[in-house]
């Protein structure tokens, strides 16, 4: 059983999948991250992260939706699983707790 | 959903191609599509946003960024394969293999016979090769031991190429060159008569110094190796001689030290200072007795230790570890110049070489050879034949196995349908061939062991299987190498049929539309061509070897040795002034025996290297440089006995001889010799004079040339002088149907005239032909194994043809129904194979030509290679092939078409 610990990049990828909501595939996710973070991202890194997340059960995928721009090749669409949504919630909750624990300046 | 795919255009360029190819190279196939899609989509996007250059760069970065573990992972199959190594399946494989062998008894027998014959023959030959190559390798430091050889030139012409050289050479070299650790010298090798209590034991021996036992590794069982050969009149005898002469066992060896034996005519007895192990069979030196060098210095004179002029010794030097022999050899010309000053000292220009000990047996073409030599080329030829035989046998296996694959196609189809992978099928067929081959290997080894005594007797060599398992050339490494060869041979010969079989398509096979592939036929054909090329080479080789041997046996030698009995002279009788009269009256006495025609005495015999005299000059011709003749002491009846015609002048007269050898001044020359002295013809030479060593000789007669040695050697210029010796030979021409009786009569007279000597006789023609013994053995052995190779090849073509013909039974039936003749069908069926054989003959002929040319170059007098010899070999190959094929094709052609067409 893989641990549910999420790396920083994995978290970003997972968030991008959530943002794209049903229209998430390699190229779109890469584009989305680049737009959001303002830095270039390697497609291979994104795919590697997607594979890991799928193995951890946080994402599920299916093939479909070939376009001319892709030379008629299928996309692999990723969707959040319940575990994936929970994982994001957990992270957010933990971060909030930690933020709240910071002593307020007087 | 799908949008129409737009063709790429200028506004819409495509990403470069090669990164995609790279991606497909490493990426798991099931991921390629989505990854390529993503890559191209991003490229298009970036093209719009950042321009082509940036898009390309990013594209590249992305592709190389894919080199990550996830991309390598192959898709997990939904249908997992069970392991190929399940005991039930393996048992099944073996069962099927045995059933198949049993079902096709004929084929299996053919296959196994071919393999077993090949392996047996190969093992036997390898034993021989290993034995020959292992010579002299038992010495510690054999790789540091070299023999000093000596080429001698007069007027720029090589006049002697010998292992024999001057006594002073090795001691001086050892002084001059620090590279030489130690050296040893041998002299006067030969057969000696060891005498103990009036019994005579003949044994091969030599005189050598005390360093002999430290240069070579011949262990002493008793005595001190450092000093055993130091004192004069010391002798070391072998174990065999200790047994033979003293009837002593190993525990008594120590007691033998200090006992004495007499040697030849030496009045001083020799003291035994050591008992040595018998020399191994793989030593090029073969002596049963070693006598101390100092003895010779006493009896022959000190010159034997330090002469620069008389070359009568053999030197072996051991170099220091790490010495480069080649660079030492480069210093030898300067050495020669320093001590021989051109030809000022010895009369000829001397060149010295270092011959590695490991080459002394097989690769030595020197004259005055001291040891046991064999022809290295012959040994390599045998090795090549062995390799050919083994290859041909394995090729047979491959051919027969693949040809039969059609029968098993259905089995393969069914197995595939039932879920067998090709890996499993390969495993199955490979294990079948391993079983068959292993069986053949075991049988081959058993047969080789059984036939061992026969082989050893045929070639007169002490071979054993141990030569292959560590006792021979290369030690245990050879055994490892051989097992490597056999294992890989077995695997390789199994691989091709296994792959061919496992690649059948199940659907085609089971539908019945399966045909033998043309590709398989191509492989089979080239294998047949290879087999027949090898056969052609071997047939030509055997043919020419036999032709040459026959030529040498039958070629006129220039003298007649039919029914010439030779007895050894009375070596143990001392020479005195009455000896000549004694010899002559013995001859007269012999001639009284009715069956004896004539008897003569000579100092040496034909068939051996004769001694030489150097620096011979013609009187009155003012020749600046002398010439070199071989010499032979003979009496007045010698030429008559051997029927050698005197072409000019006269024969020797009894008055030419004199007990005082200084008073002998008459000589007879052969035609080569007078030509060398510059006479135009024999008549001109008769009565002329020549000078050697300051003494004038008159040429009283000239005899015609003859082959004084085997046809491997050139006819030499010979000078005959009327000297007598007791250590020579009597040649007796007899004319009788009952030689045993005559010999008994001769023995009686010999014992009366020369009591205390061994009566030892032989027939001259047998002795002379012994020079061809190695060649005859080579001929016998190589022809036998060539025959085996051809036999295996024809077994192969027999099996192959019977198979292809059985495949065409229906075709033949239809042709017969339509009116084809029997001969037409036989021709049709044989044509395919004969074409291959013809092709093989074309390839084999030049290879064979090269090979036999190499072999023949060893003979000074040889047969010419002519085209018809090849034609005969080709005809033989074709005939054998045709016979093996027609055996099957005739049967097929005669078969009634009703039978072949009835089924189906």
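Protein chains in written order, with the numbering used here: chain W, 632 to 737; chain U, 2 to 905. Cβ coordinates follow ideal geometry from the N, Cα and C atoms, glycine included. Since we're looking at a predicted model, the values are computed, not measured.
Check whether residue i and residue j have beta carbons under 9 angstroms apart
i: residue 885 of chain U; j: residue 798 of chain U; result: yes
i: residue 723 of chain U; j: residue 788 of chain U; result: no
i: residue 349 of chain U; j: residue 615 of chain U; result: yes
i: residue 219 of chain U; j: residue 277 of chain U; result: yes
i: residue 695 of chain U; j: residue 634 of chain U; result: no
i: residue 285 of chain U; j: residue 373 of chain U; result: yes
i: residue 399 of chain U; j: residue 566 of chain U; result: no
i: residue 321 of chain U; j: residue 181 of chain U; result: yes
i: residue 241 of chain U; j: residue 279 of chain U; result: yes
i: residue 773 of chain U; j: residue 554 of chain U; result: yes
i: residue 227 of chain U; j: residue 214 of chain U; result: yes
i: residue 620 of chain U; j: residue 690 of chain U; result: yes
i: residue 871 of chain U; j: residue 849 of chain U; result: yes
i: residue 291 of chain U; j: residue 209 of chain U; result: yes
i: residue 526 of chain U; j: residue 607 of chain U; result: no
i: residue 230 of chain U; j: residue 289 of chain U; result: no
i: residue 533 of chain U; j: residue 318 of chain U; result: no
i: residue 706 of chain W; j: residue 658 of chain W; result: yes
i: residue 702 of chain W; j: residue 37 of chain U; result: yes
i: residue 536 of chain U; j: residue 881 of chain U; result: yes
i: residue 779 of chain U; j: residue 546 of chain U; result: yes
i: residue 423 of chain U; j: residue 494 of chain U; result: no
Sheet register partners of residue i (DSSP bridge)
i: residue 732 of chain U; result: U:567, U:601
i: residue 196 of chain U; result: U:201, U:263
i: residue 320 of chain U; result: U:181
i: residue 351 of chain U; result: U:153
i: residue 357 of chain U; result: U:147
i: residue 187 of chain U; result: U:209, U:315
i: residue 161 of chain U; result: U:153
i: residue 671 of chain U; result: U:704
i: residue 633 of chain U; result: U:721
i: residue 691 of chain U; result: U:619, U:698
i: residue 542 of chain U; result: The partner list for residue 542 of chain U (beta bridge, DSSP) is empty, contrary to what the question assumes.
i: residue 692 of chain W; result: W:709
Collapsed DSSP secondary structure at residue i in the structure displayed
i: residue 686 of chain U; result: helix
i: residue 266 of chain U; result: coil
i: residue 622 of chain U; result: coil
i: residue 386 of chain U; result: helix
i: residue 140 of chain U; result: coil
i: residue 512 of chain U; result: helix
i: residue 277 of chain U; result: strand
i: residue 23 of chain U; result: helix
i: residue 868 of chain U; result: helix
i: residue 592 of chain U; result: helix
i: residue 648 of chain W; result: helix
i: residue 222 of chain U; result: strand
i: residue 824 of chain U; result: helix
i: residue 649 of chain U; result: strand
i: residue 681 of chain U; result: coil
Residue i burial status per 10 Å Cβ neighbour count (16 or more: buried)
i: residue 459 of chain U; result: exposed
i: residue 698 of chain U; result: buried
i: residue 558 of chain U; result: buried
i: residue 867 of chain U; result: exposed
i: residue 818 of chain U; result: exposed
i: residue 636 of chain W; result: exposed
i: residue 811 of chain U; result: exposed
i: residue 151 of chain U; result: buried
i: residue 212 of chain U; result: buried
i: residue 118 of chain U; result: buried
i: residue 68 of chain U; result: exposed
i: residue 129 of chain U; result: buried
i: residue 540 of chain U; result: buried
i: residue 92 of chain U; result: exposed
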